[in-house]
Amino acid sequence: MARRPVIFYFENQPLQGVEGEPIAKALFTAGIKTLSWSVKYKRPRGIHCARGRCIMCHMEVDGVPGVPTCLAPLREGMSVRCENFRPFFAPLLISAINKLRFPAGFYYRMFTRPAFLRTLFLASLRRMAGVGRIVVNGPRPQKIPRPAVRSPSDSYGVVVVGAGLSGMSAALAAANRGAKVLLVDEYGRPGGHSIGYQTDSELVSQRDQCVTQVEFSTSIDYCPRTTAQAFYPPDTLLLGPGGALALEQTFDRSPVDTPPGRVALAAGLKKVRAKSFIFATGAYDVIPVFQNGDLPGVFGPRAIRLLLERDRLKPGHRAVVYGIGSVLRDVTALLVHHDIQIVAVVDADPNPAGGVRRALPDGTRWIQQGRVVRADGGRWLTSVTASGRDRRAGRTSTEKLSCDLLCTAFAGQGAYELPYQAGFRFELSEDAVHENRVLLPDKSKVKSGPVTCYVVGEAAAQQTWQQKMTAAEESGSKAPQSLET
């Protein structure tokens, strides 16, 4: 259904957007790419993770501070403001303070007496940091009533965290074994980061089949827009509003479809118990360390997929892709599919086999055994400097590449927080490419009394979709056995 155009206000200036689209997208489309400034050095910040996990797009929306605008839906008359100290004079003050060469942590040790001076000093620092303000007696946003949705039960046979390809496969396998399953996910629809365009048609078929089965299964309670906040051994998972749920309850006025099997948190937090838990928590983007790597315009593989496929937002037109292996091929193919010009592919593989190059468009610059050493730009990326092996000269060469988009393409760090709380132990992997070294679980299953926990998918360093589905189906089939012991 087409959504209507609406007028909203950015720093009291009227702008036009589309109802229901992310606020950050509406601002980007209007030419506003800088959404915040870093606390200490006042460096520009914009859309970065696209999933509400960082603070780079946090803004004040209708008087509410700290709103992740990459998720919050736009509506008519909405007022959006930057939270930070005004950038016109903030960098000047920060520069002056830096020249005084105060030691690290000086604000803990200086101006401690008298009390009034301490209060004035801290108040000034907080204003300069500019991380949002709370108006105690101001008007509160009106909560919009939502359609009645069944709430999750207090107890299940199997709870699966994450509705990506691994989570869906595990939930379906457990349901097929007769278990009552709760499937929790932070996004508004199942699929995780397998959404949208894929080069593998079999993957698309398997994904779409899983999505349909999950949404209409009578044995699976699917709970979207919900975050698993913490795991309390041996058998309790704490759930809370996640993704855009809390934001939609506050800002969104559009209806929500409720397929069979859909459940939702009524409000606040909820404890859920089970005898088996499967953690398919996915992975975070890994942004390699290089100079100015925090510039707006630098995205990981998951963020760029969410922007292009979920939000239909093209954040740039000329891209450099930096990564290794299948992730590098997939990100490059995704950009080409969306008509983004590939300026160069920086292949970090120390032993490139040529598979990446064969998948590139004709004439694309391919930098072997490469590294990105710096990014340049003002409020947005304008160029990337990369080094690579010059086979003809037998030496390493460096070149500057003009672009407005840098996409990193590494495997990613598995989201290990919940599995760690459940008793899994993690070790640093060994890899010839430093960016591919991540924390891995030492086993795929732990047992504490009658409760069994599994970790699958990218959280367990399974990379190909076949590996993910096979391991998830195996864990999902075994999980109901805990109910019999």
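In my numbering, the protein residues as written are -1 to 483. A virtual CB, placed ideally from N, CA and C, is assigned to each residue, including glycine.
Terminal residues of the alpha helix (DSSP H) in which residue i lies
i, result
"R107", "F104 to R107"
"E415", "E415 to Q419"
"E213", "S199 to E213"
"P222", "It is not in any alpha helix (DSSP H) - P222 carries neither H nor E in the DSSP assignment."
"T234", "Unbroken run through T234 is the beta strand (DSSP E), T234 to P239; no alpha helix (DSSP H)."
"G165", "L163 to N174"
Residue i: first and last residue of the uninterrupted beta strand (DSSP E) it sits in
i, result
"S153", "S153 to V159"
"I365", "R363 to I365"
"V444", "K443 to S446"
"G15", "Q11 to V16"
"G321", "R316 to G321"
"F424", "F424 to L426"
"E397", "R393 to S400"
"K571", "Lying outside -1 to 483, the shown extent of the chain, residue 571 is not represented and no answer is given."
"P20", "Note, P20: premise wrong, no beta strand (DSSP E); not H, not E."
"M467", "Careful: M467 lies outside any beta strand (DSSP E), inside the alpha helix (DSSP H) at W463 to K476."
"M76", "Run containing M76: none; DSSP gives neither H nor E here."
"R300", "Per DSSP, R300 belongs to no beta strand (DSSP E); it is in the alpha helix (DSSP H), P299 to R303."
"H432", "It is not in any beta strand (DSSP E) - H432 carries neither H nor E in the DSSP assignment."
Counted within 10 angstroms of its Cβ, other Cβ atoms place residue i as buried (16 or more) or exposed
i, result
"T450", "buried"
"E428", "exposed"
"T210", "exposed"
"S34", "buried"
"Q207", "exposed"
"M166", "buried"
"G314", "buried"
"D152", "exposed"
"L426", "exposed"
"P12", "exposed"
"E213", "buried"
"P20", "buried"
"M108", "exposed"
"A265", "exposed"
"P188", "buried"
Contact set for residue i: own chain, Cβ-Cβ below 6 Å, skip 5 residues either direction
i, result
"K466", "L163, S164, G455 and Q460"
"G474", "A168, A171 and A172"
"A244", "Unreliable positioning characterises A244 in this predicted model, as indicated by a pLDDT of 49, which lies under 50. A coordinate reading is not provided."
"C221", "P150, V182 and V261"
"T197", "A331"
"P85", "Here the model assigns P85 a pLDDT of 49, short of 50, so the residue's position is not dependable, and the following value carries that caveat. Once the five neighbours on either side are set aside, the close Cβ partners of P85 are W35."
"Q366", "D345, P350, G386 and R387"
"M(-1)", "With a pLDDT of 47 at M(-1), under the threshold of 50, the modelled position of that residue is not reliable, and the figure given next carries that caveat. Result list for M(-1): empty, nothing under 6 Å."
"V329", "P299, V319, C405 and A407"
"C52", "H46"
"T234", "K269 and R271"
"I193", "E307"
Contact set for residue i: own chain, Cβ-Cβ below 7 Å, skip 5 residues either direction
i, result
"R2", "E17"
"H335", "Y195"
"R312", "A small fix is needed here, since residue 312 is Lys in this sequence, not Arg. The answer, listed in chain order, is L306, H336 and I338."
"S446", "P231, P232 and G421"
"L416", "V159, A226, F229, F277 and T279"
"N10", "none"
"V497", "Here the chain covers residues -1 to 483 and nothing more, so residue 497 does not appear."
"R175", "S475 and P478"
"T468", "none"
"K31", "G44, P294, R377 and W378"
"Q419", "A228 and F229"
"V325", "P299, A407, F408 and A409"
"R116", "F109 and T110"
Expected contact under 8 Å - CB spacing of residue i and residue j to nearest Å
i, j, result
"C80", "M54", "Rounded, the Cβ-Cβ distance is 12 Å, inconsistent with contact."
"Y7", "V59", "Contact flag wrong, Cβ pair sits at about 11 Å."
"V287", "A346", "13 Å between Cβ atoms; not a contact."
"V370", "Y320", "5 Å"
"S203", "V179", "No, S203 and V179 are not in contact; Cβ-Cβ is about 23 Å, not under 8 Å."
"G50", "P66", "4 Å"
Close Cβ partners of residue i (< 8 Å) along its chain, the five nearest in sequence each way excluded
i, result
"Y452", "A168, S274, F275, I276, F277, S442, K443, S473, K476 and A477"
"S199", "none"
"Y105", "F119, L120 and L123"
"N290", "R372, A373, D374 and G375"
"L237", "P150, V182, C221, T224, T225, A226, Q227, L263, L267, K268, K269 and V270"
"A458", "G412, L438, P439, S442 and A469"
Residue-chain proximity (residue i, chain D), Cβ-Cβ < 9 Å
i, result
"S385", "Structure shown: chain D not included; a single protein chain is present."
With a cut-off of 8 Å, do at least 3 Cβ pairs link the segment 375 to 385 to the segment 396 to 414? yes
Touch check for the segment 294 to 302 and the segment 439 to 453: three-plus C-beta pairs under 8 Å? no
Check whether the segment 39 to 54 touches the segment 111 to 120, taking contact to mean three or more Cβ pairs, one atom from each stretch, closer than 8 Å. no
Within 8 Å, do at least three Cβ pairs link the segment 405 to 415 to the segment 348 to 364? no
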